[in-house]
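Protein chains in written order, with the UniProt record's numbering: chain A, 1 to 265; chain B, 1 to 265. Contents: one structure, followed by commentary.
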DNA sequence: AAGTGGTCTAGACCACGGG
DNA sequence: CCGTGGTCTAGACCACTTC
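Here it is in structure tokens:
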């Protein structure tokens with residue numbers, strides 16, 4: 001279970017990190033408590049400050065600690081919000097089973113005692129290769145992207161982007177740079193393109209610099225990425241890519257008579 | 001989109017990281033190519049070696065680079081394997097819709113031209129708080145954990161753990177320290193506890209040290225964690241937690257007549 | 001002003017991989 | 001053996017937060 005080392009002891013900073021991890025798991029500091037300052041750790045363990053920083057780096061990159069300049073280093077503690085992924089397989093006839101207007105999410109959040117706000121924008125760009133492929137387009141074809149930037153209690157929460165074939169969106173309210181009343185689903189329904197099926201791909205990866213900046217997340221927090229391709233009988237309708245800061249939510253999929261005993265502590 | 005700074009320029013190592021990121025995205029190095037060695041970067045940019053290392057740290061933690069001691073620093077490139085999550089809502093009557101014996105996964109891998117091998121073990125432990133809650137047990141109650149360690153082409157791939165109430169598993173083949181022929185589903189069916197519904201929670205987080213060691217992943221690679229609670233009419237049956245190295249697979253959920261145009265490049 | 005983390009340098013030695 | 005990345009030290013100054 002350990003990486004082989006030629007008899008050599010583990011490096012100081014790793015042993016230091018392991019000891020801090022042990023103390024954290026032993027509950028030596030609770031909640032969002034402050035850890036000893038770097039100078040104290042330096043003295044306590046008898047190492048150079050750089051070594052202390054290397055050790056703390058490890059725990060920061062594991063998502064256990066956060067550093068705040070001028071204040072200190074703290075235990076991370078984040079509430080997690082369960083976000084229902086609308087696959088809702090038991091409601092096959094229902095139109096909003098595959099996607100839902102933002103009102104649904106706003107209501108879901110309010111039920112959980114949280115406040116969800118949404119910024120909207122629309123842009124026309126060349127399709128990413130994977131989006132082009134999923135929509136059955138030639139590479140670099142233009143797509144209309146309708147984007148929702150969601151904040152939960154003022155905190156950046158998710159970025160949802162719907163990608164439409166330019167030809168499909170042209171001349172429809174999908175070109176409007178504002179949310180469609182009732183959601184894009186309403187618009188698609190009026191065009192006779194109600195979505196009847198979907199495939200979701202779930203992935204996780206570290207954020208790039210822009211994503212880290214927008215989400216206001218530091219090292220150690222991955223993104224959870226949901227890529228949904230919806231279809232109607234004529235073919236693919238849109239690609240919906242939603243990115244979540246993984247320390248702020250989980251996605252929930254249900255099937256059958258699924259009951260959920262309650263949130264995870 | 002940028003973190004505010006009081007007129008001060010970004011630190012050297014961040015500018016260096018940004019420049020390397022730009023060069024990477026510009027395609028200056030392809031595939032798994034080797035980057036210039038630290039000494040060269042030090043000279044080229046006119047900074048101390050530590051500053052070079054801080055910059056490379058950033059890109060390693062973003063999952064873009066891997067460092068190999070004694071060899072060099074390389075662009076990361078990983079094939080991604082799509083793993084079908086067995087929700088299969090369109091086959092409501094089918095018993096293996098909520099879980100499947102490992103043969104199913106082995107076959108799925110072989111279809112993709114990959115080889116899946118599985119190690120199995122069984123242990124009895126105190127339930128984690130979240131598992132106890134989902135199974136409706138008092139905290140610290142004993143649970144039987146049946147664990148499958150999966151390798152894809154010899155590479156660590158996933159850890160799947162089924163947690164059963166001790167009382168449910170007692171005196172059944174679920175206590176055997178080996179895989180049940182036909183899967184645990186077969187055993188449950190014989191006990192009259194066929195699973196009819198499930199709730200999945202999807203999360204992402206960074207691995208702890210043991211997980212990083214087992215998966216042989218370095219910094220910058222999160223885990224994708226699927227937590228499935230299955231039910232029959234009498235209540236919760238088991239908690240299945242599956243952890244994946246996120247650079248090696250994605251999870252796929254389908255509903256309706258879902259068609260998938262093909263894998264992402 | 002004092003205390004915290006953030007950045008940076010210069011130099012040293014070690015461990016690993018491959019010729 | 002050499003070149004690579006890995007670890008560690010000592011010390012300096014900066015930027016931010018709090019009082």
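Glycine is no exception: its CB is placed at the ideal position from the N, C-alpha and C atoms.
Where residue i falls, given that 16 or more other Cβ within 10 Å makes a residue buried
| i | result |
| --- | --- |
| residue 181 of chain A | exposed |
| residue 107 of chain B | exposed |
| residue 10 of chain B | exposed |
| residue 123 of chain A | exposed |
| residue 83 of chain B | buried |
| residue 206 of chain B | buried |
| residue 69 of chain A | exposed |
| residue 129 of chain A | exposed |
| residue 250 of chain A | buried |
| residue 200 of chain B | buried |
| residue 50 of chain B | exposed |
| residue 26 of chain A | exposed |
| residue 126 of chain A | exposed |
| residue 40 of chain A | exposed |
| residue 219 of chain B | buried |
| residue 85 of chain B | buried |
| residue 170 of chain A | exposed |
| residue 113 of chain A | exposed |
| residue 228 of chain A | buried |
| residue 134 of chain B | buried |
| residue 31 of chain B | exposed |
| residue 234 of chain A | exposed |
| residue 192 of chain B | exposed |
DSSP three-state assignment for residue i, whether helix, strand or coil
| i | result |
| --- | --- |
| residue 217 of chain A | coil |
| residue 204 of chain A | strand |
| residue 39 of chain A | helix |
| residue 191 of chain A | coil |
| residue 168 of chain B | helix |
| residue 224 of chain B | strand |
| residue 51 of chain A | helix |
| residue 69 of chain A | coil |
| residue 129 of chain B | helix |
| residue 134 of chain A | helix |
| residue 34 of chain B | strand |
| residue 247 of chain A | coil |
| residue 255 of chain A | strand |
| residue 10 of chain A | coil |
| residue 232 of chain B | strand |
| residue 239 of chain A | strand |
| residue 56 of chain B | helix |
| residue 18 of chain A | helix |
| residue 79 of chain A | coil |
| residue 117 of chain A | strand |
| residue 155 of chain B | strand |
Contact list for residue i against chain A, beta-carbon separation under 9 Å
| i | result |
| --- | --- |
| residue 13 of chain B | Chain A residues near residue 13 of chain B: none, gap ~13 Å exceeds 9 Å. |
Proximal chain B residues relative to residue i, where beta-carbon distance stays under 7 Å
| i | result |
| --- | --- |
| residue 219 of chain A | 61 |
Residue i: contacting residues in chain A (beta-carbon distance under 7 Å)
| i | result |
| --- | --- |
| residue 208 of chain B | 62 |
Residues of its chain near residue i, where Cβ-Cβ distance is below 7 Å and the 5 sequence neighbours each way are ignored
| i | result |
| --- | --- |
| residue 24 of chain B | 64 and 75 |
| residue 89 of chain A | The predicted model places residue 89 of chain A with a pLDDT of 38, which falls under 50 and marks its position as unreliable, so this point remains unresolved. |
| residue 238 of chain B | 162, 163, 164 and 230 |
| residue 282 of chain A | The requested residue 282 of chain A does not occur in the structure, where chain A is confined to residues 1 to 265. |
| residue 55 of chain B | 13, 16, 17 and 20 |
8 Å Cβ cut-off: residues of chain A touching residue i
| i | result |
| --- | --- |
| residue 20 of chain B | Simply none; closest approach about 12 Å. |
| residue 222 of chain B | 204, 205, 206, 222 and 246 |
Sequence-distant residues of its chain with Cβ nearer than 8 Å to residue i (five each side left out)
| i | result |
| --- | --- |
| residue 48 of chain B | 42 |
| residue 93 of chain A | With a pLDDT of 43 at residue 93 of chain A, under the threshold of 50, the modelled position of that residue is not reliable, and the figure given next carries that caveat. Same-chain partners within the cutoff: there are none. |
| residue 166 of chain A | 124, 141, 142, 143 and 144 |
| residue 37 of chain A | 72 and 73 |
Contact set for residue i: own chain, Cβ-Cβ below 6 Å, skip 5 residues either direction
| i | result |
| --- | --- |
| residue 215 of chain B | 156 and 245 |
| residue 195 of chain B | 98, 230, 232 and 237 |
| residue 121 of chain B | 147 |
| residue 265 of chain A | For residue 265 of chain A, the predicted structure reports a pLDDT of 34, less than 50, and the residue's modelled location is therefore unreliable. A value from the coordinates is still provided. Contacts found: none. |
| residue 225 of chain B | 203 and 243 |
| residue 109 of chain B | 116 |
| residue 131 of chain A | 163 and 239 |
| residue 175 of chain B | 169 |
**Prompt:** Is the number of C-beta pairs between the segment 144-157 of chain A and the segment 111-127 of chain A that are closer than 8 Å three or more?
**Reply:** Short answer: they touch.
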